[in-house]
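Residue numbers (my numbering): 42 to 322.
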C-alpha cells in the first residue's frame, strides 16, 4: 500500500519539563490499584526486576555496572551523545542510590532528541539495508503481572524475527538493543543467547560487545549515554545500526556488518519488537 514511509520521533523531555514534572510522570506509570498507590516509579519497577535477575542468575551489581561503562565508552566517539565523560565500574557502584540495586549510573538520563528513518520499497543506490525478519510480543501490562521468565517477551519476538529472516543469533555482526537500565540490557542479551545467564556483564568486560568484539553493541552509546528522548530513544539505535552497516559511521566505524539485530522494549519488559537487518548490496 505504501512506497515510502517516514518514521520520525522526537521529544524535549529534558528542557520541556521540570525535574518534579519528570518524577511525577515516571511515578504515574503502573497498575492504578496494586502499584501506583504504593509510591513506586519506573526506576523502582526496574529495580524489582534487577533484584530478581541478580537472585536468579548469581550475577553481581558490578557485572551490571560493566554495561554502563561500555555504553559510556561508545558514546565518547559520537558527537551527538549527551554523556561522554569516561566512567569505571567503581564510579557506577559509588553513584547515588536510586532504587536498590540500581544506582544513578545504572539508569539512562532524561534527554532532548529526535531521530528519523525512511523505509522504502525502492532501495537507494549503494548499500541497501533490507528488513529481513521481524517479530513482536506483548506479555503483560504491569510489572506485578510479569511472567516468571523475565525475558519471555523478548525471546518470543526475537525468535519470530530470526525465523522470518532464516538466521540465527550467532549470524549477527551488530546489535542495537534497548538499554533503559543496565538490567534491561543484561536480560535482553542473555535472552537472545549473546551471553549465558548472568554472563552479560562479564562478556562486556571481556570485550564481546566492544567495537572490535564479536557482537558490537549500541555503538552510539545507547539510551544509557547517547540519551533517552522518549519515543526517539530506540530509533537512534536503528539510525546508528544502519550507518554502521553502510560504513558511514566515521571514527566510530566498526568492522563489516552485513547482518544486525535490533530490539525495542516498551513498559517494564511488557511489549517487544525485534527485527533483523541485512545488507543486500
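The beta carbon of each residue, even a glycine, is placed where N, CA and C say it ideally should be.
- [ ] With residue 67 as the anchor, note down where its alpha helix (DSSP H) starts and where it stops.
- [x] 60-68
TODO: Throw me the rounded Cβ distance for the residue 241 and residue 231 pair, which I believe falls under 8 Å.
DONE: With a Cβ gap of about 5 Å, residue 241 and residue 231 count as contacting.
Open item on the list: Suppose you measure from the CA of residue 140 to the CA of residue 184; what does that come to, to the nearest Å?
Closed with: 15 Å
TODO: Could you tell me whether any non-hydrogen atom of the ligand HEM is closer than 7 Å to the CB of residue 240?
DONE: As far as ligands go, the structure on display features none, and thus does not contain the ligand HEM.
Open item on the list: Assuming the contact rule is C-beta atoms closer than 8 Å, residue 224 and residue 90 should be a hit. Round their C-beta distance to whole Å, please.
Closed with: 6 Å
Open item on the list: Tell me the DSSP secondary structure of residue 260 in three-state form.
Closed with: Coil at residue 260, not helix or strand.
TODO: Less than 8 Å between the CB atoms is what I'm expecting for residue 130 and residue 158, so what's the real figure, rounded?
DONE: Not confirmed; about 34 Å, so no contact.
TODO: Closer than 7 Å by C-beta to residue 217: which residues in its own chain qualify, once you throw out the five before and the five after it? Chain order, please.
DONE: 259, 278, 279, 281, 282, 301 and 303
- [ ] List the residues that DSSP assigns as beta-bridge partners of residue 159.
- [x] 47
- [ ] Under 8 Å by Cβ, that's how I've got residue 153 and residue 66 pegged, so tell me the actual separation to the nearest angstrom.
- [x] Going by Cβ atoms, the distance from residue 153 to residue 66 rounds to 15 Å, so no, they are not a contact pair.
Open item on the list: If you follow the alpha helix (DSSP H) that residue 271 is in, where does it begin and where does it stop?
Closed with: Note, residue 271: premise wrong, no alpha helix (DSSP H); not H, not E.
Task: Burial state of residue 46, where buried means 16 or more other Cβ atoms lie within 10 Å - done: So residue 46 ends up on the exposed side.
Task: Nearest to residue 156 (by Cα), restricted to the options 48, 319, 310 and 42 - done: It is 48 whose Cα lies nearest to the Cα of residue 156.
Task: the region 80-95 contacting the region 184-198, beta-carbon criterion three pairs below 8 Å - done: Yes, they touch.
- [ ] Just confirm the distance between the C-beta atoms of residue 322 and residue 169, as a whole number of angstroms; I'd bet it's less than 8 Å.
- [x] 5 Å
Task: Rounded Cβ spacing between residue 87 and residue 222 (contact assumed at less than 8 Å) - done: 5 Å
- [ ] Would you mind sorting residue 171 into buried or exposed? The rule is 16 or more other CB atoms within 10 Å of its CB.
- [x] exposed
Open item on the list: Within 8 Å, do at least three Cβ pairs link the region 117-128 to the region 258-275?
Closed with: yes
Open item on the list: At the level of alpha carbons, what is the spacing between residue 200 and residue 207?
Closed with: About 10 Å.
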